[in-house]
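Visitor: My structure is below; once you've seen it, I'll send some questions.
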Amino acid sequence: GDQVEQSPSALSLHEGTGSALRCNFTTTMRAVQWFQQNSRGSLINLFYLASGTKENGRLKSTFNSKESYSTLHIRDAQLEDSGTYFCAAEDSNYQLIWGSGTKLIIKP
Amino acid sequence: ETAVFQTPNYHVTQVGNEVSFNCKQTLGHDTMYWYKQDSKKLLKIMFSYNNKQLIVNETVPRRFSPQSSDKAHLNLRIKSVEPEDSAVYLCASSAWDREDTQYFGPGTRLLVL
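Chains A and W, in that order, are what the protein sequence lines are. Here the first sequence is numbered in my numbering, starting from 135 and rising by one per residue. Here the second sequence is numbered in my numbering, starting from 255 and rising by one per residue.
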């Protein structure tokens, strides 16, 4: 089965609200990265975590390697947050295993 | 400007033709990558390359080959394109250190008729 399971596959939020995306891992991962792919197709790195929690503006991400998951929280969503979000986990061989993405739509 | 640059943005070609996509990074990184993103937005690693090692995803057909002149450039050549090669090809780079976050180019969209 897939080593990285990302959920939900799609999410719709109203401006100003928030939610969380999650990636579950079926094997032990060394680190996780989160990316946003915007409407132009550019992949922008949001976070790199080897452990713990990082916050950047309205985004916060947590990586728990023992319990094999990572989350990305978005608060006070804005229209420009629309896009597809990917997690990518680094396995023990330093290979990146990608999630299938979450398509996020922010509605006015 | 330091970033990852890709050319062309789009390419339309016919089955059997050869195509080549360019990627250059000005971030001073040691490692570069090529990904294929299909119509469902699934990302698949094709190659990763630094000056020591080329790692090839074993599922990549042999008609695909990476070409590097130096650590700042990694081009992708497709010898004889097939319809299933239609996709977006994304180039990325990273530094070989503890936090090797990958930085992506804007992608090259290929359409094979």
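All C-beta atoms, glycine included, are put in the ideal place defined by N, C-alpha and C. Note that this is a predicted model, so its numbers are computed, not measured.
1) Which stretch, first to last residue, makes up the beta strand (DSSP E) that contains A:L193?
2) Can you pull out the residues from the region 166 to 197 of chain A whose beta carbon lies closer than 8 Å to at least one beta carbon of chain W?
3) If you reduce the DSSP assignment to three classes, tell me which class W:P320 lands in.
4) Counting only the same chain and skipping the five closest in sequence on each side, list residues whose C-beta sits under 6 Å from that of W:E223.
5) Looking at the secondary structure, which residues open and close the beta strand (DSSP E) in which A:L230 lies?
6) If you check the beta carbons only, do W:D269 and W:V342 fall under 8 Å apart?
7) DSSP state of W:L364, grouped into three classes?
8) Taking A:S234 as the query, report the chain C residues whose CB atoms sit under 7 Å from its CB, ordered along the chain.
9) Which runs of the beta strand (DSSP E) fall wholly inside the region 283 to 310 of chain W and span at least 3 residues, in chain order?
10) Rounding to the nearest angstrom, what Cα-Cα distance links A:Q140 and A:W168 in this structure?
11) Rank W:N263, W:V266, W:D284 by C-alpha distance to the C-alpha of W:L328 and give the top, closest one.
12) Hey, is W:L364's beta-carbon within less than 8 Å of any beta-carbon in chain A?
13) Per DSSP, A:T205 forms a beta bridge with which residues?
14) Just how far apart, CA to CA, sit A:N198 and A:A222?
15) How far does the beta strand (DSSP E) with A:E139 in it reach, from first residue to last?
Guide: Quick answer:
1) 193 to 198
2) Q167, F169, Q171, R174, G175, S176, L177, I178, N179, Y182, A184
3) strand
4) Since the displayed chain W opens at 255 and closes at 367, residue 223 of chain W lies outside it and no answer follows.
5) 230 to 232
6) Note on residue identity: the sequence assigns Val, not Asp, to residue 269 of chain W. It is not a contact, given that the beta carbons lie outside the stated cut-off.
7) strand
8) Included in the structure are the protein chains A and W, with no chain C among them.
9) 285 to 291, 297 to 303, 308 to 310
10) 11 Å
11) W:D284
12) no
13) A:R156, A:T196
14) 14 Å
15) That run of the beta strand (DSSP E) goes 138 to 141.
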